[in-house]
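Residue numbers (my numbering): 2 to 279. C-beta atoms are modelled at their ideal positions from N, C-alpha and C, and glycine is treated no differently. Contents: one structure, followed by commentary.
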Amino acid sequence: MPELPEVETSKRYIEQFLLNAKILNIQSRVSKLRWEINPDIKFFFNKTMILKIDRIGKYILINTSNKNTLILHLGMSGYLSINEANFKKVKHDHIIINFECKTGEKKCLIFNDQRRFGHIDFHYTSNLKKHFLIKNLGIDGLSKSIKYEFLKKIFSKKTIIIKSALLDQKIICGIGNIYASEILFYSKIHPLKKVNNLSKDEINSLLHNIKIVLSKAVLNGGTTIKDYKQPNGKVGYFKQKLKVYGRENLKCYDCNNIIFKLNINKRATYICTVCQKY
Numbered sequence: 002m003p004e005l006p007e008v009e010t011s012k013r014y015i016e017q018f019l020l021n022a023k024i025l026n027i028q029s030r031v032s033k034l035r036w037e038i039n040p041d042i043k044f045f046f047n048k049t050m051i052l053k054i055d056r057i058g059k060y061i062l063i064n065t066s067n068k069n070t071l072i073l074h075l076g077m078s079g080y081l082s083i084n085e086a087n088f089k090k091v092k093h094d095h096i097i098i099n100f101e102c103k104t105g106e107k108k109c110l111i112f113n114d115q116r117r118f119g120h121i122d123f124h125y126t127s128n129l130k131k132h133f134l135i136k137n138l139g140i141d142g143l144s145k146s147i148k149y150e151f152l153k154k155i156f157s158k159k160t161i162i163i164k165s166a167l168l169d170q171k172i173i174c175g176i177g178n179i180y181a182s183e184i185l186f187y188s189k190i191h192p193l194k195k196v197n198n199l200s201k202d203e204i205n206s207l208l209h210n211i212k213i214v215l216s217k218a219v220l221n222g223g224t225t226i227k228d229y230k231q232p233n234g235k236v237g238y239f240k241q242k243l244k245v246y247g248r249e250n251l252k253c254y255d256c257n258n259i260i261f262k263l264n265i266n267k268r269a270t271y272i273c274t275v276c277q278k279y
């Protein structure tokens with residue numbers, strides 16, 4: 002599933018084409034992705050200008066001049082691409098946003114989603130935080146507002162394990178399974194440790210490495226494991242820099258111990274039991 006770095010990479014790429022562009026129309030070739038698509042989307046944004054492109058967690062937010070925001074979620078296998086207006090459609094090109102660049106050139110944004118776990122919707126920009134996909138999201142993983150006091154207050158009231166806490170989008174949004182394993186390895190924290198037992202140093206290490214891992218992944222275009230590719234067609238190169246994820250039975254880069262895989266809540270978690278003592 003595309004996580005924060007993959008979505009941020011996609012957002013940065015499409016922004017250079019979409020910012021200050023005019024939406025001509027939106028074509029929806031299916032009536033439903035993960036949820037039913039509002040049929041009004043096919044005409045509601047015609048002739049509107051794109052004013053700003055934001056992201057929170059795994060959601061891309063396209064603010065327009067009609068005071069509404071398009072909400073895009075890439076799901077499990079979705080990806081975005083920019084193409085010419087007369088491009089040849091391929092299988093799973095479900096959403097096509099035709100637009101005119103500020104240069105006058107006509108192009109389109111294509112949302113391809115093989116497994117159809119993604120979604121597109123829209124909502125009043127001023128009331129966006131009340132949308133059902135947005136209202137329960139926690140703080141963004143790259144937000145400068147994530148501080149020690151913020152995490153300490155939340156963790157002190159919970160007895161869940163840290164791996165589950167990192168995946169809880171209501172606490173910090175944008176972190177998925179790949180980056181949770183990496184962040185915990187960088188922080189030298191065992192994934193089964195309960196959050197209310199984390200020391201001050203461990204929480205500070207966690208804060209530091211959330212920023213480090215996510216930022217490095219963005220700089221490398223994200224991580225391609227199966228389906229994900231950047232809007233320019235390239236894969237994400239952070240896979241080559243993964244320390245533990247997907248490296249079961251291989252040697253730890255730091256201590257030469259063998260990387261071990263745990264299944265936690267049916268999700269694969271990779272650890273070095275020497276570097277990440279329980």
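Asked: Straight-line Cα distance separating N210 from I121; Found: 31 Å
Asked: Integer-rounded CB distance, given that I176 should sit under 8 Å from G223; Found: The Cβ separation is near 13 Å, so there is no contact.
Asked: Per-residue DSSP class, three states only, for S11; Found: helix
Asked: Counted within 10 angstroms of its Cβ, other Cβ atoms place F123 as buried (16 or more) or exposed; Found: buried
Asked: Assigned secondary structure, N26 (DSSP; H/G/I helix, E/B strand, else coil); Found: strand
Asked: contact_flag[the segment 84-96, the segment 106-122] where n(CB pairs < 8 Å) is 3 or more; Found: yes
Asked: is_contact[C109, chain D] using C-beta, thresh 8 Å; Found: Absent from the structure is chain D; it holds one protein chain and no more.
Asked: Reference N197; option with closest CA among K130, A181, K164; Found: K164
Asked: Short Cβ contact (8 Å threshold) for K278 with T270; Found: no
Asked: Selected residue, minimal CA-CA separation from K153, among K33, C174, A181, K195; Found: K195
Asked: Alpha carbon of K322 to alpha carbon of N47, nearest angstrom; Found: Since the displayed the chain opens at 2 and closes at 279, residue 322 lies outside it and no answer follows.
Asked: Contact check, I100 vs I24, beta carbons under 8 Å; Found: Rather than Ile, the amino acid found at residue 100 in this sequence is Phe. Contact: yes.
Asked: 8 Å Cβ cutoff met for F18 and I63; Found: no
Asked: Rounded straight-line distance, which links the Cα of I260 to that of E4; Found: 23 Å
Asked: Rounded separation between Y254 and F151 - CA only; Found: 32 Å
Asked: Inter-residue Cα distance where the pair is L280 and I61; Found: Look at the range of the chain in this structure, 2 to 279, and you will see that residue 280 is not part of it.
Asked: Classification of K12 by the beta-carbon crowding that lies within 10 angstroms, buried from 16 upward; Found: buried
Asked: Same chain, Cβ closer than 8 Å to C109, neighbours up to 5 away in sequence not counted; Found: I83, N84, E85, A86, F88, I97, I98, N99, F100
Asked: Residue environment, R248, which counts as buried when at least 16 other CB atoms sit within 10 Å; Found: buried
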